[in-house]
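Shown next, in structure tokens, is the structure this report addresses.
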Amino acid sequence: MGQEGASHRPGMREKLFFLSSGIIISVPLTLFLSSLSDYLCELTAVSLIYATICATAIFTPLIEEFAKAYPLFYRHGETERSLFTLGFLTGLGFGISEFFLYVFSLGVPIPVRLPGLFFHAASTSIVAYGIATKQPLRFFLIAVLLHFTNNVTALFGVLWLIGGLGAVLSSRAHSLPLVGVLAPR
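Listed below in structure tokens is the structure:
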């Protein structure tokens, strides 16, 4: 990863695999781990609001960022750029499935869910960059902090326009410089 001699460029089939892995691997893993964390939060919380904060703001960012990055950990010999791209696609696949869930199952307006598509793609790109540079924990925690900020402000409605939108823009801002770093030399 990141070696001068590494020239692997993912083909279309590999890119489609990672886009779909955001749906078929990351989403079920998230649902399984979330059901466990929800149960834990309900057992230990004093009230429903504390259980909601525990599950949505604390556990969800940890679980979702791990589940989205999980398919990337088996990659070896990838360039930083290719791993970044695969991370973007995995996060985008996850974001697409979440978008469809919220819009078509829960009736959330489309404009409200569009930032989530970009957020999941950008935050998974951040984690992928950390994996590529052998600093996965550091970049995982950055993505989790951005996700936490987004979710905790979403819990309080109108605050999301400040904190959540800020987290979405910040995740995009954190991932864009990485694209410049990863530009072909």
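So in our numbering, spot 2 of the sequence shown is number 2, and the numbers just go up one at a time.
Beta carbons are placed, not taken as given, at the ideal position from N, Cα and C, and that holds for glycine.
Local conformation of Arg-13 per DSSP, three classes: Residue state, collapsed to three classes: helix.
Indicate whether Leu-89 and Lys-15 have their beta-carbon atoms separated by less than 8 Å. yes
Assigned exposure category for Arg-9 - 16 Cβ within 10 Å defines buried: Looking at its Cβ environment, which holds fewer than 16 other Cβ atoms inside 10 Å, Arg-9 is exposed.
Pairwise C-alpha distance: Gly-91 and Glu-4: Below a pLDDT of 50, predicted positions are generally treated as unreliable, and Glu-4, at 46, falls in that range; the measurement from the model is reported next regardless. Roughly 26 Å between the two C-alpha positions.
With H, G and I counted as helix, E and B as strand and the rest as coil, what does DSSP make of Gly-5? Only weak support is given to the placement of Gly-5: the predicted model assigns it a pLDDT of 47, under 50, and the question is left unresolved by the model.
For Val-127 versus Ala-57, is the C-beta spacing smaller than 8 Å? no
Taking Cys-41 as part of the alpha helix (DSSP H), name the residues at either end of that continuous run. Bounds of the alpha helix (DSSP H) holding Cys-41 are 26-44.
Since Phe-140 contacts Glu-65 with CB under 8 Å, what's their CB separation in whole angstroms? At roughly 6 Å, the Cβ-Cβ gap stays under 8 Å, so Phe-140 and Glu-65 are in contact.
Does the beta-carbon distance from Ile-142 to Leu-117 come in below 8 Å? Not in contact: Ile-142 and Leu-117 (Cβ atoms no closer than 8 Å).
Quick one: residues in its chain with C-beta nearer than 7 Å to the C-beta of Gly-130, no 5 flanking neighbours on either side, listed in chain order? Pro-136, Arg-138, Phe-139 and Phe-140
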